[in-house]
Amino acid sequence: MKFPQLRLPRTFRSLELNDADSRWENEDIVPVVKNEQNFTNRAFFGYWVAAGLNTTAWALGSSNLANGLDLGGALGGIFAGGVLSGLVAFLCGEPGVRYHLGFSMMSRATFGMYGAWFVIMLKCFVNFIFFGIQAYWGGLAASVVLSSIFPSFHTMANTLPESAQITTQQLIGFIIYIFLFTPLMFIHPSRLQPVLAVSLVTTTCTVFGVFIWAVASNGGAPLVPPKVKVSSSERSFQILRAMSAVAGAWTGACIRQSDWTRYAKTRRAPAIHQLVSGPLTVTICATLGAFATSAVNSMYGKLIWNPIAILQFVLERDYDAASRAGCFFAGMGFFISQIATNLVQNSVSCGMDLASLAPRWIDVTRGSLIMCLVGYLINPWRFVNAPGTFITVLSSFGMFVSPLAGINAIDFWVVRRLRWSVPDFYIGNSESIYWFTAGLNWRAFFAWTLAVWPSFPGFIAATGAIEVSVGWERCFSVTWWVIGFCGGAAVYYIVCLISPPPGSPYTIKHYDNDAMGVLDGVEDRNDNDEKHPTASIKSAGASGSS
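Going by UniProt numbering, the sequence shown opens with residue 1, and the numbers climb by one from there.
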């Protein structure tokens with residue numbers, strides 16, 4: 001099936017990138033050259049601190065305790081969920097380590113040249129929304145900082161109508177976040193280590209600082225809420241639910257690990273942090289959040305799960321010198337944390353993915369700017385304060401994403417046995433082994449559909465549209481890992497046994513071994529006379545790593 005070539009007006013043609021050879025490649029979606037493979041152990045540790053020490057992880061412990069779990073069960077479930085997330089990150093990040101290619105190429109290998117568009121658009125849609133929400137929280141942190149410095153800002157009258165769902169102070173903070181975050185989009189991903197290093201220090205100090213303040217101010221009151229009596233079966237389900245909640249919250253970032261591991265300096269640099277640092281940071285942050293939330297509740301009688309909201313409450317209650325100083329430093333720390341979180345979980349990866357949709361016009365910088373613009377314009381505070389039904393639907397997108405992670409992982413590790421034909425990623429016709437049928441791999445779409453549908457009754461019930469049995473509700477509650485990831489991977493593997501895809505070990509005899517290669521022959525972008533490092537393809541067997 002051949003699609004017609006579009007003839008665009010000259011105005012649009014002037015926007016074409018100089019390094020774009022075709023509709024399938026540009027400099028940002030070919031393998032990373034050696035001089036940009038500079039992410040060390042320290043950089044990946046900073047990445048996982050940014051991903052694990054944030055407002056989402058902070059609230060996990062308290063919310064699970066409120067559901068009836070004891071402290072051991074809640075933290076055990078959270079740690080197990082973190083381990084599962086780390087495993088997904090390792091499985092989906094290995095292609096980046098071996099071939100220095102990102103998530104979009106993994107999607108082409110599994111879903112097809114055009115099928116990858118569905119995967120990328122689904123992920124980017126979620127990123128648009130959650131980027132805006134994280135930016136809104138960053139704006140709240142900025143307003144805390146300004147309130148701590150300027151009494152006039154703290155007492156500023158709200159001039160916006162109630163229908164705006166945001167105050168004047170919050171809007172000013174949001175605008176400040178926009179102006180400080182947007183310039184970071186012009187920094188190439190390979191040069192973001194200083195930002196991660198700053199975030200590592202400030203976020204760690206802030207999280208532990210708020211925890212120490214809450215415990216010290218608590219006056220010896222219990223730090224754990226009274227245990228709610230539940231049956232053993234209900235406790236087991238709640239632990240499984242906690243595991244699935246963590247895996248669901250981090251699956252979106254973990255499935256895109258190759259967008260970051262492609263910059264790894266050594267093969268071993270990412271793995272230890274995916275499998276150890278990630279789970280530990282999430283669990284530690286959830287533990288501190290649970291204790292701090294309980295301490296604040298004991299002191300003030302208010303259950304506040306969001307740490308930025310705690311700072312706002314403290315300033316409203318005690319606007320003295322000590323409170324202002326503490327809230328200033330804590331607010332600054334959380335502001336930097338929100339910048340780092342948006343960088344590692346949303347903007348950079350989304351920019352790379354958008355670049356693969358239209359590589360002739362979009363590079364990682366333009367893609368990141370597009371995502372930022374959409375995230376700013378959607379008025380994200382409306383989603384935070386929207387009716388519960390919409391938030392439930394939005395937060396349930398993990399049920400659609402987790403099967404993608406399982407299918408991608410099983411395709412790379414088992415079906416293809418770590419072997420990719422890199423040149424075929426940039427051939428947009430039937431000569432590519434990733435063309436499948438009209439650019440779509442029906443096997444992947446079939447497996448994805450079967451992995452998603454069991455959760456639909458519970459998903460619809462969660463919106464309040466219908467009532468279903470407890471079994472369907474529980475099926476939906478554990479959909480991310482048990483049904484989504486494992487179910488999608490199992491179905492895809494079985495289908496591939498019945499109908500092997502091109503490029504798998506079962507059909508590899510149809511291709512020359514020299515075709516299975518990687519691009520690793522360029523030390524620097526300026527060292528090669530060709531426009532892209534695609535001129536330096538050489539055979540590398542299964543490993544394909546420099």
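For every residue, glycine included, the Cβ atom is placed at its ideal position computed from N, Cα and C.
Source: prediction; values computed, not measured.
From what residue to what residue does the alpha helix (DSSP H) around residue i run?
i, result
"Val422", "Element bounds for Val422: n/a, residue is neither H nor E."
"Pro307", "Pro307 to Arg317"
"Ile212", "Gln193 to Ser217"
"Arg324", "Ala321 to Asn342"
"His100", "That residue, His100, is in no alpha helix (DSSP H); it is neither H nor E in DSSP."
"Ile149", "Gly115 to Ile149"
"Ala286", "Gly278 to Tyr300"
"Arg443", "Trp442 to Val452"
"Ile304", "Where Ile304 is concerned, there is no enclosing alpha helix (DSSP H), given that its DSSP letter is neither H nor E."
"Ser430", "Taken as a continuous stretch (DSSP letters only), Ser430 belongs to no alpha helix (DSSP H), as it is neither H nor E."
"Val371", "The amino acid at residue 371 is misidentified as Val; the sequence shows Met. Residues Val364 to Leu377."
"Trp381", "Trp381 to Val384"
"Ala461", "Phe456 to Ala462"
So for residue i, helix, strand or coil by DSSP?
i, result
"Thr167", "coil"
"Ser236", "helix"
"Thr40", "coil"
"Ala264", "strand"
"Thr437", "strand"
"Glu25", "strand"
"Leu397", "It is worth fixing the name first, because residue 397 is Phe in this sequence and not Leu. In this structure, Phe397 counts as coil in the three-state DSSP scheme."
"Gln345", "helix"
"Ala269", "coil"
"Met243", "helix"
"Ile175", "helix"
"Asn408", "helix"
"Arg474", "helix"
"Thr56", "helix"
"Ile187", "coil"
"Ala358", "coil"
"Arg256", "coil"
"Gly248", "helix"
"Ile78", "helix"
"Ile466", "coil"
"Glu16", "coil"
"Ala157", "coil"
"Pro501", "coil"
Looking only at its chain, what residues have a beta carbon closer than 6 Å to the beta carbon of residue i, apart from the 5 residues adjacent to it on each side?
i, result
"Thr159", "Thr168"
"Gly77", "Ile239, Ala242 and Met243"
"Gly115", "Leu440 and Asn441"
"Phe436", "Gly112"
"Trp250", "Ser85"
"Val401", "Thr251 and Gly252"
"Ser504", "Val415 and Arg416"
Give the single residue among the options whose Cα lies nearest to the Cα of residue i.
i, options, result
"Thr203", "Gly333, Ala135 and Val83", "Gly333"
"Tyr376", "Phe179, Pro95 and Phe476", "Phe179"
"Met399", "Ile460, Ile410, Ser469 and Leu354", "Ile460"
"Phe383", "Val414, Asn54, Gln165 and Ser147", "Gln165"
"Ser258", "Ala135, Ser432, Phe39 and Arg191", "Phe39"
"Pro502", "Ala462, Ile494, Trp472 and Ser432", "Ser432"
"Pro194", "Ala214, Phe313 and Tyr47", "Tyr47"
"Leu171", "Phe208, Ala135 and Pro183", "Ala135"
"Glu27", "Ser504, Ala355 and Arg42", "Ala355"
"Ile149", "Pro359, Ile339, Val478 and Tyr319", "Tyr319"
"Thr56", "Ser277, Leu418, Ser337 and Val422", "Ser337"
"Phe208", "Thr266, Cys285 and Ile175", "Cys285"
"Val215", "Leu450, Tyr426 and Ala290", "Ala290"
Near residue i, what residues of its chain come up, given a Cβ to Cβ distance below 7 Å and the 5 sequence neighbours on each side ignored?
i, result
"Asn127", "Asn346, Cys350 and Met371"
"Ile407", "Thr110, Ala444, Ala447, Trp448, Gly488, Ala489 and Tyr492"
"Asn379", "none"
"His188", "none"
"Thr261", "Gly93, Gly96, Val97 and Pro270"
"Phe44", "Ala269, Pro270 and His273"
"Ser430", "none"
Would you check if the distance between the CB atom of residue i and the CB atom of residue j is smaller than 8 Å?
i, j, result
"residue 604", "Val246", "Any property of residue 604 remains undetermined from this structure, which presents the chain solely from 1 to 546."
"Leu343", "Phe90", "no"
"Ala50", "Phe335", "no"
"Met299", "Ser217", "yes"
"Gly102", "Val282", "no"
"residue 547", "Ala59", "Residue numbering for the chain in the displayed model covers 1 to 546; residue 547 lies beyond these limits and cannot be assessed."
"Phe79", "Pro279", "yes"
"Val144", "Gly331", "yes"
"Gly139", "Ile176", "yes"
"Val348", "Val364", "yes"
Take residue i and list the residues in its own chain whose beta-carbon comes closer than 8 Å to its own, dropping the five residues that flank it on each side.
i, result
"Cys475", "Pro454, Ser455, Pro457, Gly458 and Ile483"
"Met121", "Leu357"
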